[in-house]
Amino acid sequence: MKNFEERLKGGHPNSLGNTIEIVEEVLAENKHFNELFNCYFSDDEVVRLRTSNAIKRICKAKKSILIPYIDQFLTEIAQIDQASTQWTLSQLFEMLEKDMTENQIEEAKKIMKRNLANHNDWIVLNETMATLTKWSKKDTKLKDFIVPHLERLTTDGRKSVSGRAKKMIAQLEKD
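Residue numbers for the sequence shown follow the numbering used here, beginning at 5 and rising by one.
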């Protein structure tokens, strides 16, 4: 045991704490990924936030470590009602798309569609719009779903959300 959960606790919630150190340990010894993954089930939301950050970094560095966990991301992790978890899922789904089965991609779409329709966190909305827009370029049903939501979000009071929605609409109109 590397005691990741304890090591991810404390400090300012917006700081990385020991995240980078833990990422380096997992990349050096992949067998420790499961312990990090299980930090998603911590009662501490800061631990869950840092877990998301660490897992995203690991995916960028060596995504093969995450592939055996795709089903758990789609089922267990998708149920965590925390913005950082939901926006990380959108990022992970985009990075892992080529490694996912058709059924897994369909489940990922359901999760992100739910987030786009119901979530209010600006990062969740931005990351979800980005992944769904990319995926909708080859899925007309998804495009039919996403366009009205993008149009709705063009009037969002947060410039990053409304700007991203306008940018995504423009991308879809080009294709």
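Note that CB positions come from ideal geometry on N, CA and C, so glycine has one too.
Checklist entry - Helix, strand or coil for ARG52 per DSSP? => result Three-state DSSP puts ARG52 in a helix.
Checklist entry - Is DSSP giving LEU20 helix, strand or coil here? => result It is coil, neither helix nor strand.
Checklist entry - Does the region 135–151 touch the region 159–167, meaning 3 or more C-beta pairs lie closer than 8 Å? => result In short, these stretches do not touch, since the Cβ pair count stays below three.
Checklist entry - Are the beta-carbon atoms belonging to MET133 and LEU100 less than 8 Å from one another? => result No.
Checklist entry - In this structure, does DSSP put VAL80 in helix, strand or coil? => result At residue 80 the sequence reads Glu, which differs from the Val that was named. GLU80: coil per DSSP, three-state reduction.
Item to check | Residue interval of the alpha helix (DSSP H) (run including PRO152) | outcome: 144–157 is the extent of the alpha helix (DSSP H) around PRO152.
Checklist entry - Can you tell me the Cα-Cα spacing of GLU110 and CYS63, whole angstroms? => result One C-alpha to the other measures close to 20 Å.
Item to check | Nonlocal neighbours in the same chain, by C-beta distance under 6 Å from ASN22, ignoring five residues either side | outcome: Taken in chain order, the residues that qualify are ARG11.
Checklist entry - Would you report the Cα separation of LEU176 and ASN7, rounded to the nearest angstrom? => result Cα to Cα, LEU176 sits roughly 45 Å from ASN7.
Checklist entry - Roughly how many whole angstroms lie between the Cα atoms of VAL30 and GLU131? => result Going by the C-alpha atoms only, they are around 25 Å apart.
Checklist entry - The alpha helix (DSSP H) spanning ASN34 covers which residue range? => result ASN34: not part of any alpha helix (DSSP H); DSSP gives it neither H nor E.
Checklist entry - When you compare each of ASN124, LEU157, LYS113 to THR144 by their alpha carbons, which one comes out closest? => result Distance from the Cα of THR144 is smallest, within the candidate group ASN124, LEU157, LYS113, for LYS113.
Item to check | Three-state secondary structure (DSSP) of LYS64 | outcome: Helix at LYS64.
Checklist entry - Is the distance from the Cβ of LEU53 to the Cβ of SER19 below 8 Å? => result Against a cut-off of 8 Å, the Cβ pair of SER19 and LEU53 comes out as no contact.
Item to check | Backbone CA spacing between LYS13 and GLN90 [nearest angstrom] | outcome: Taking the straight line joining both Cα atoms gives about 20 Å.
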